[in-house]
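K.L.:
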Amino acid sequence: MAEPLLTIEGLRIEATAYPPGEPPRDVVLVEDVSFALEKGKVLGLIGESGAGKSTIGLSSMAYGRGGVRLTGGAIRLNGRDIRLAGSSDLRKLRGREVTYVAQSAAAAFNPALRLMDQVIETSLRHGILSKEAAEKRAISLFRKLGLPNPESIGRRYPHQVSGGQLQRVMTAMALCPKPDLVIFDEPTTALDVTTQIEVLAAIKEAIADTGVAALYITHDLAVVAQVADAIMVLRAGKKVEYGTTQQIIETPREDYTRALVSVRSIDHKEKAEAELVLSVRNVTARYRGTNFDVLKNINVDLPAGQTLAVVGESGSGKSTLARVITGLLPASRGEINFAGRVLSPELRARSKDDLRELQMIYQMADTAMNPRQTVGTIIGRPLEFYFGLKGEARRKRVQELLDQIEMGSGYIDRYPAELSGGQKQRVCIARALAAKPKLIICDEVTSALDPLVADGILKLLLELQAQEHVAYLFITHDLATVRAIADRIAVMYRGEVVRYGTKTDVLSPPFDDYTDLLLSSVPEMKLGWLEKVIETRSMEAAGN
Amino acid sequence: MRGIPISALIGLVFTTAYFLAAILADLLAPYGMAEVVGGVWEPSSAEHWLGTDGIGRDLLSRMIYGGRTTILVATAATLLSFTLGSVLGFLAAVRGGWVDQLLSRLVDLMMSIPSLISALVVLSVMPVTLPVLILVMGILDATRVFRLSRAVAVDIAVMDYVEAARLRGERQGWIIAREILPNALSPLVAEMGLRFIFMVLFISTLSFLGLGVQPPLADWGGIVKENKDGIVYGIPAALIPAVAIATLAISVNLVADWVLNRTTSLKGGRGG
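Listed in order, the protein sequences are those of chains Y and V. In this text, residue positions in the first sequence follow my numbering: the first is 628, and each later residue adds one. In this text, residue positions in the second sequence follow my numbering: the first is 8, and each later residue adds one.
Written out as structure tokens, the structure is:
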């Protein structure tokens, strides 16, 4: 049997950590990871953030991000060990044998150069193709990847195409010099579900057509199940499980893998009708200095102690709706009824009770907490501000809240930087809860978190809802989350609510076109799901 | 003293020495400030460690008294410019809108004229006393601090935690003092070291041009001016205050660098 394209054996990667106030020490990022990848095959690397998946991916071109050292093991590419190769050897190898597709295409392109120049740059630098041949190949790749106007799109600048298109252009860039191996580092994570499916299908087809091998890095098992032949599950730099895609999805051996496969299986039954806590009537809003309504005639209701999920892609106006309800962006028309009274559109005109009973939790817990305040100060401030609690009484109440969010003692004097991502979000929940609100607006609160951590947060939110009888307005783009927690759903598209009702109604056919597209785009943890969806869609397109 | 890097230690020693000399000038100086005690431009000797100046005053005593004036004026002007500049800068960033426009354009207007020129113009029509000097220098320099603190605060003001405080109903003053200031401190402290040195140079320049500290009161720029003719005859008296200005500048900045490093690596600090 011929030697595989890439063999990694006993890989060990270290870096130096600089903890404040302590001497620097070496930390092991990746330990004893081995796998082999044959030509034309796709290996999925999956794990939570910090699992070392990107580090391993980059090591396959013998690269370590700032301060990262490849200290042990062998990285054999095309029959030679490249772990300790010199920089001139590596320069020849990178871009010729191995290429890389980054997560954020918007940040990876040079905004001052046209797309075509960037796509063919590697091929020209390495002398693989002539300029004409490279441009011809780029155009054929654009066509293969389903980009509109393949002949002329290369003349555009990065800001002139959408995020999903840019991600496909980057894939073309990686495939243009005919590499043996492409590293895809979370290529669809930053995209909307409806865009993700297109990019995913394009990438899969391009891999099949060009016959390259690929490492596909992601935290979403359902995504990787669609493209990979084999999957390696990683946790804290170590291998958890390594097997074929079918085996990992259908018969996972390890507990951790099983948890990943069954994530978002929270079963939540929708509650019966109740008195409304929030009622948005005919609300229209626009940003100052623009002549375009970002919200058009919005009507939604939210019963007390229940959850209204607002779903839509980026730019659909769901976060703007939150800003209008909180008063940060006064509505130009319409009325918001909250807890039996009419809310003033302006934040400054609202009473202290209005402010207290309407709290907010943000997507990025990192920026939602002042890095210079302790957890005790962060949670304690609303207690002091709304209820005048001071000193020991305040501290006691903060501890009660910490117990409620399952964090226990020992956290009250910590700073946000000393907490994990999930803990940070829990502290933000406690801060909102401290005000004893009737409604909490949750703006994408789980989308920056790893799946298992996000699951924990959702369960906590449901428990708190049962205890405190608080209502949630839950903004999200993730339909799995919606299924898990919503009582009512509003689907938003281009500033309008295109579908609104109870969860069962919204999620049962007949669907409108947009809801159908949205629902069918959510990756399912099934083999062959992608092909099925694409096939259905092309049949529908042909039928029309 | 453990854990202080050697560069910061050197800076700390020199800075402390200069400030102590300024505070204890009356005790340290061997002769009076304006007392004529010897011949013209005597070389250094046991009685006059640094020699004497152009009219026979002890140069060491004048350096010590001059240091007091220079450091006093520079410190007071720095404090004034920081208080004024950062308060207005934060206000402009948090309020935005017409407040920001008004303040920012006013600052642009002031900065469009070189500060040395505007200082000379103002001082040529005002009585040149120490409070006036401090006021003029402080206000002119506040424009730079305003720009920096506004830029830093604009970044912080869009953070979700500031929005959360607004939604809670906090007052503007509270938001500035509790949410923005602690996070803006690091760049401001670093800037403070730099601005202090610019103040030392500024007051020295003014005195050298004759519109700063007025004789017989001594200050470093004035000492350079009084002794500049000596250079032609190979007499180094004018270079001594120059050396003092340079060493003070370097040592203050070594300390500022260290403070900056320390505050950013604090628990919960930004960066590493």
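Ideal Cβ positions, reconstructed from N, Cα and C, are used throughout, including at glycine.
Alpha carbon to alpha carbon, how far is Ile755(Y) from Ala886(Y)?
P.N.:
If you take the alpha carbons of Ile755(Y) and Ala886(Y), they lie about 45 Å apart.
K.L.:
Quick one: Cα of Thr682(Y) to Cα of Ala84(V), how far?
P.N.:
Cα-Cα distance, rounded: 51 Å.
K.L.:
Output, in sequence order along the chain, the residues in the segment 998-1029 of chain Y whose CB is closer than 7 Å to any CB in chain V.
P.N.:
Under the 7 Å Cβ criterion, the segment 998-1029 of chain Y contributes Pro998, Arg999, Pro1009, Phe1012.
K.L.:
Exposed or buried, Tyr1038(Y), counting other C-beta atoms within 10 Å across all chains shown (16 or more means buried)?
P.N.:
That one is buried.
K.L.:
Taking the DSSP output, what are the residues bridged to Tyr869(Y)?
P.N.:
Its beta-bridge partners are Met859(Y).
K.L.:
Which two residues bound the contiguous beta strand (DSSP E) that contains Ile1068(Y)?
P.N.:
Residues 1066-1070.
K.L.:
In whole angstroms, what is the alpha-carbon distance linking Gly39(V) and Ser68(V)?
P.N.:
Roughly 7 Å between the two C-alpha positions.
K.L.:
Please confirm whether Arg983(Y) and Ala1098(Y) have their CB atoms less than 8 Å apart.
P.N.:
For Arg983(Y) and Ala1098(Y), no; Cβs fall outside 8 Å.
K.L.:
If you compare alpha carbons, which of Ser93(V), Pro37(V), Asn268(V) is closest to Phe153(V)?
P.N.:
Minimum Cα distance to Phe153(V) is reached at Ser93(V).
K.L.:
Hey, how far is the Cα of Thr643(Y) from the Cα of Leu213(V)?
P.N.:
Thr643(Y) and Leu213(V): Cα-Cα distance of roughly 51 Å.
K.L.:
Whole angstroms is fine: what's the gap from Glu636(Y)'s alpha carbon to Gly706(Y)'s?
P.N.:
Their Cα atoms are separated by approximately 13 Å.
K.L.:
Pick helix, strand or coil for Gln874(Y), following the three-state DSSP scheme.
P.N.:
The answer is helix: DSSP assigns Gln874(Y) an H, G or I state.
K.L.:
Got a sec? Which residues, its chain only, sit under 7 Å from Ser959(Y) by beta carbon, not counting five neighbours each side?
P.N.:
Counting only Cβ-Cβ distances below 7 Å, and skipping sequence neighbours, we find Thr911, Ala912, Arg913.
K.L.:
How big is the Cα-Cα spacing for Arg64(V) and Ala164(V)?
P.N.:
If I take the Cα positions, the gap works out to 56 Å.
K.L.:
Which chain Y residues are close to Ser189(V), counting only those with a beta carbon under 9 Å from its beta carbon?
P.N.:
It should be pointed out that residue 189(V) corresponds to Pro in this sequence rather than to Ser. Near Pro189(V) (Cβ distances below 9 Å), the residues of chain Y are Asn997, Pro998, Arg999, Gln1000.
K.L.:
What is the DSSP secondary structure of Ser272(V), reduced to helix, strand or coil?
P.N.:
With a pLDDT of only 47 at Ser272(V), under 50, the local geometry of the prediction cannot be trusted, and no value is derived from it.
K.L.:
What ranges does the beta strand (DSSP E) occupy inside the segment 1078-1139 of chain Y, keeping only unbroken runs of at least 3 residues that lie completely in it?
P.N.:
You should have 1098-1103, 1115-1120, 1123-1129.
K.L.:
Does Asp167(V) have its Cβ less than 8 Å from a Cβ in chain Y?
P.N.:
Closer than 8 Å: yes.
K.L.:
Please classify Val101(V): is it buried, with 16 or more other beta-carbons within 10 angstroms of its beta-carbon, or exposed?
P.N.:
Buried, since its Cβ has 16 or more Cβ neighbours within 10 Å.
K.L.:
Can you check whether the C-beta of Tyr989(Y) is within less than 8 Å of a C-beta belonging to chain V?
P.N.:
Interface residue, yes.
K.L.:
Can you tell me which of Gln1050(Y), Ile747(Y), Val695(Y) puts its alpha carbon nearest to the alpha carbon of Gly1035(Y)?
P.N.:
Among Gln1050(Y), Ile747(Y), Val695(Y), the Cα nearest to that of Gly1035(Y) belongs to Gln1050(Y).
K.L.:
Since Phe811(Y) is in the beta strand (DSSP E), which residue starts that stretch and which ends it?
P.N.:
Run containing Phe811(Y): 808-812, per the beta strand (DSSP E) assignment.
K.L.:
Let me know the secondary structure DSSP gives Thr822(Y) once reduced to three states.
P.N.:
Three-state result, Thr822(Y): helix.
K.L.:
Kindly say whether Gly104(V), judged by its beta-carbon, lies nearer than 8 Å to any beta-carbon of chain A.
P.N.:
Going by chain labels, chain A is absent from the structure shown, which instead holds the protein chains Y and V.
K.L.:
For Thr22(V), report the span of its beta strand (DSSP E) as first-last.
P.N.:
From DSSP, Thr22(V) is part of no beta strand (DSSP E) but of the alpha helix (DSSP H) over 13-30.
K.L.:
Kindly indicate which three-state DSSP category Val220(V) falls into: helix, strand or coil?
P.N.:
Val220(V): coil per DSSP, three-state reduction.
K.L.:
Our contact map puts Gln873(Y) next to Val826(Y) with C-beta atoms below 8 Å; I'd like the distance itself, whole angstroms only.
P.N.:
At roughly 24 Å, the Cβ-Cβ gap does not stay under 8 Å, so Gln873(Y) and Val826(Y) are not in contact.
K.L.:
Ser14(V) to Ile71(V), Cα distance in whole Å?
P.N.:
For Ser14(V) and Ile71(V), the distance between alpha carbons rounds to 25 Å.
K.L.:
Using a Cβ cut-off of 8 Å (strictly closer), state whether Ala982(Y) contacts chain V.
P.N.:
First, the residue type needs correcting, since residue 982(Y) is Leu and not Ala in the sequence shown. Closer than 8 Å to some Cβ of chain V, the Cβ of Leu982(Y) qualifies, so yes.
K.L.:
Comparing alpha-carbon positions, which option in Met987(Y), Lys771(Y), Tyr883(Y), Leu1134(Y) lies nearest Asp836(Y)?
P.N.:
Minimum Cα distance to Asp836(Y) is reached at Lys771(Y).
K.L.:
Say whether the segment 752-768 of chain Y touches the segment 802-816 of chain Y, bearing in mind that this needs 3 or more beta-carbon pairs closer than 8 Å, one atom from each stretch.
P.N.:
Yes: the two stretches touch, three or more of their Cβ pairs being nearer than 8 Å.
K.L.:
Mind checking if Thr619(Y) is an interface residue toward chain V, Cβ cutoff 8 Å exclusive?
P.N.:
What the structure shows of chain Y is the stretch from 628 to 1171, and residue 619(Y) is not part of that stretch, so it cannot be assessed.
K.L.:
Less than 8 Å between the CB atoms is what I'm expecting for Ile673(Y) and Ile858(Y), so what's the real figure, rounded?
P.N.:
Going by Cβ atoms, the distance from Ile673(Y) to Ile858(Y) rounds to 6 Å, so yes, they are a contact pair.
K.L.:
With H, G and I counted as helix, E and B as strand and the rest as coil, what does DSSP make of Ser52(V)?
P.N.:
Correct three-state label for Ser52(V): coil.
K.L.:
Could you spell out the range, first to last residue, of the alpha helix (DSSP H) harbouring Tyr168(V)?
P.N.:
From DSSP, the alpha helix (DSSP H) with Tyr168(V) extends over 167-175.
K.L.:
By the three-class DSSP mapping on this structure, what secondary structure does Ala36(V) have?
P.N.:
Coil at Ala36(V), not helix or strand.
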